[in-house]
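**Q**
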Amino acid sequence: MNRFRFWILVSIVAISGFSQGMLLPLISVIFEQDGVSATLNGLNATALYIGILIVSPFMEPPLRKFGYKPIIMAGGLLVIISLALFPLWKSFWFWFILRLCIGIGDNALHFGTQTWITSASPKEKRGRNISIYGLFFGIGFAVGPLMTPLIFINEALPFIISACLCLVAWLFLFALHNDFPERALELTSFKDTTSRFKKTLTYSWVALLPALGYGFLEASLNGSFPVYGLRIGLDVTYVSILLVSFAIGGIVFQLPLGVLSDKYGRKKILTFILASGSFIFFIASFLEQSIFGLTICLFIAGMFVGSTFSLGISYMTDLTPKSLLPTGNILCGVAFSFGSLLGPYVGGIFIQSFSGISFFFIISAMLFLVFLFVLLHKQKLIN
247 MNRFRFWILV
257 SIVAISGFSQ
267 GMLLPLISVI
277 FEQDGVSATL
287 NGLNATALYI
297 GILIVSPFME
307 PPLRKFGYKP
317 IIMAGGLLVI
327 ISLALFPLWK
337 SFWFWFILRL
347 CIGIGDNALH
357 FGTQTWITSA
367 SPKEKRGRNI
377 SIYGLFFGIG
387 FAVGPLMTPL
397 IFINEALPFI
407 ISACLCLVAW
417 LFLFALHNDF
427 PERALELTSF
437 KDTTSRFKKT
447 LTYSWVALLP
457 ALGYGFLEAS
467 LNGSFPVYGL
477 RIGLDVTYVS
487 ILLVSFAIGG
497 IVFQLPLGVL
507 SDKYGRKKIL
517 TFILASGSFI
527 FFIASFLEQS
537 IFGLTICLFI
547 AGMFVGSTFS
557 LGISYMTDLT
567 PKSLLPTGNI
577 LCGVAFSFGS
587 LLGPYVGGIF
597 IQSFSGISFF
607 FIISAMLFLV
617 FLFVLLHKQK
627 LIN
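All letters in the sequence shown, in the order written, are residues 247 to 629 by this note's numbering.
1) Would you kindly report the start and end of the unbroken alpha helix (DSSP H) that includes GLY358?
2) Sort GLY267, VAL580 and VAL473 by Cα distance to GLY281 and report the nearest one.
3) Indicate whether SER522 and GLY373 have their beta-carbon atoms separated by less than 7 angstroms.
4) Rounded to a whole number of angstroms, what is the C-alpha to C-alpha distance between VAL275 and LEU476?
5) Looking at C-beta atoms only, is the number of pairs between the region 298–314 and the region 355–373 that lie closer than 8 angstroms three or more?
6) Is there contact here, the region 314–330 with the region 345–356, by at least three beta-carbon pairs under 8 angstroms?
7) Below 7 angstroms between beta carbons: does that hold for ALA354 and GLY380?
8) For GLY548, which option in GLN279, PHE525, LEU323 and LEU324 has the closest C-alpha, if you only look at C-alpha atoms?
9) Taking the alpha-carbon positions, what's the LEU516 to LYS371 distance?
10) Tell me, please, whether the region 540–557 touches the region 379–397 by the rule of three or more beta-carbon pairs shorter than 8 angstroms.
11) Would you tell me roughly how many angstroms separate the C-alpha atoms of CYS578 and LEU454, rounded to the nearest one?
12) Which whole-angstrom value is the C-beta distance of ILE363 and PHE252, which I expect to be below 8 angstroms?
13) Quick test of the definition: if touching needs 3 or more C-beta pairs under 8 angstroms, does the region 412–422 touch the region 588–595?
14) When DSSP labels each residue in this structure, what does MET305 get in the three-state scheme?
15) Rounded to whole angstroms, what's the CA-CA distance from ALA366 to GLY585? Just pull it up for me.
16) Are the region 603–623 and the region 489–501 in contact at 8 angstroms, needing three or more beta carbon pairs?
17) Run the CB neighbour count on GLN266, radius 10 Å, all protein chains shown included, and call it buried at 16 or more, exposed below.
18) Rounded to whole angstroms, what is the Cα-Cα separation between THR446 and HIS623?
19) What residue range does the alpha helix (DSSP H) around LYS315 cover?
20) Pick helix, strand or coil for ASP481, following the three-state DSSP scheme.
21) Can you list, in chain order, the residues of its chain whose CB lies under 7 angstroms from that of PRO395, leaving out five sequence neighbours each side?
22) Taking only three categories from DSSP, how would you classify THR285?
23) To the nearest angstrom, report how far apart GLY459 and ILE399 are at their CA atoms.
24) Thinking just about the alpha-carbon of each residue, which of VAL580, LEU411 and LEU269 is nearest to the one in SER470?
25) Rounded to whole angstroms, what is the Cα-Cα separation between THR566 and VAL580?
26) Could you tell me the distance, in whole angstroms, from the CA atom of PHE606 to the CA atom of GLY384?
27) Please report how far the alpha carbon of LEU431 lies from the alpha carbon of PRO572, in whole angstroms.
28) Considering PHE277, what are the terminal residues of the alpha helix (DSSP H) in which it resides?
29) Would you identify the three-state DSSP class for ASN290, choosing helix, strand or coil?
30) Where are the alpha helix (DSSP H) runs, 4 residues long or more, that stay fully inside the region 557–619, in chain order?
31) Closer than 6 angstroms to a non-hydrogen atom of the ligand ZN - does that hold for the CB of GLY496?
32) Would you mind working out which of GLY504, PRO456 and SER583 sits nearest ASP352, comparing C-alpha positions?
33) Compute the Euclidean distance between the alpha carbons of TRP341 and ALA293, then round it to the nearest angstrom.
34) Mind checking VAL414: buried by the 16 CB within 10 Å criterion, or exposed?
35) Anyone know if the C-beta pair for GLY263 and PHE387 falls short of 7 angstroms?
36) Is ASN468 helix, strand or coil by DSSP?
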């Protein structure tokens, strides 16, 4: 794969990760301080993932028709405009719509970059390349929550900074030459797309579960945990530090786990990290009164499960014929979105309904379920 193009793409993803990592805890804290209920707070956080789901069935035909670059540029521009509009009007439903638009833009951006990277990467470097992709997204996502305390200076400041950074990264896309995915057939109707979805699912349904699980984990941790943390007496700054410790853990082991998956197989590494992550979150539920203990736990959990999404994409690529990779990447995005939709909303209900039970139990249980499905699946590698 062209190295210049690769580094531009992963840099774009880093800025996208920054904006996502910032928005979830930032808006959760703003709404919590304004007295918005945990359930409604979680509902607003789902807007981004509703946007991803709405546009997902319609992404593949324009990608095949126009190529990767126009799709990524359109998605990036929509994200920039939406971020810039947040300070314009502070309203629950206006922000809901803006987050919906960011979801649509992010889906186009990630679908284009993921498919471009997976299609152009040789098998022996696939895990490494997707891990670098995940690493850069993780770096951006880790830095994002650090913007939350800026609301005490000016509530609009984090949104303005994020929009400006996205604009700078977006301008670099003009330096890339466009390319197109492999064409096994032309898509002529929505029925063709549906048929490809079904065909891809028969090959790689199990590889979508890590993406779903990671979506649930990431969205609930960044969207619901700030509310839970404030309610058990944690300071906003400590909440940001805890989220960053998880993200840094994911960054530290993103590339090593990707390289190990190239050597020992995606399934073995996935089952190991899912089981380990479930256990660490279970331990974290008993350490909520210790900031140091909780920080260490979340860091270690990030080391294990921070690579779940990128390894899931690599696993999907192993299981899916190359001509169906655009569809497979769409389905990974859809699975991630379903998990992300469930995360904040289920998290919000859990916080309101089970005040005596640790929030980390629900994350531990979800990771364990995904671990069981991946462990018991009989794989058949294609690529």
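Note that CB positions come from ideal geometry on N, CA and C, so glycine has one too.
**A** Let me lay it out:
1) 338–366
2) VAL473
3) no
4) 9 angstroms
5) yes
6) yes
7) no
8) PHE525
9) 17 angstroms
10) yes
11) 5 angstroms
12) 7 angstroms
13) no
14) coil
15) 28 angstroms
16) no
17) buried
18) 16 angstroms
19) 314–331
20) coil
21) VAL482, THR483 and SER486
22) helix
23) 35 angstroms
24) LEU269
25) 16 angstroms
26) 21 angstroms
27) A caution first: LEU431 carries a pLDDT of 47, below 50, which makes its placement in the model unreliable, though a value can still be read off. If you take the alpha carbons of LEU431 and PRO572, they lie about 12 angstroms apart.
28) 249–279
29) helix
30) 571–599
31) Among the components modelled here there is no ligand, and therefore nothing to report on the ligand ZN.
32) SER583
33) 9 angstroms
34) exposed
35) yes
36) helix
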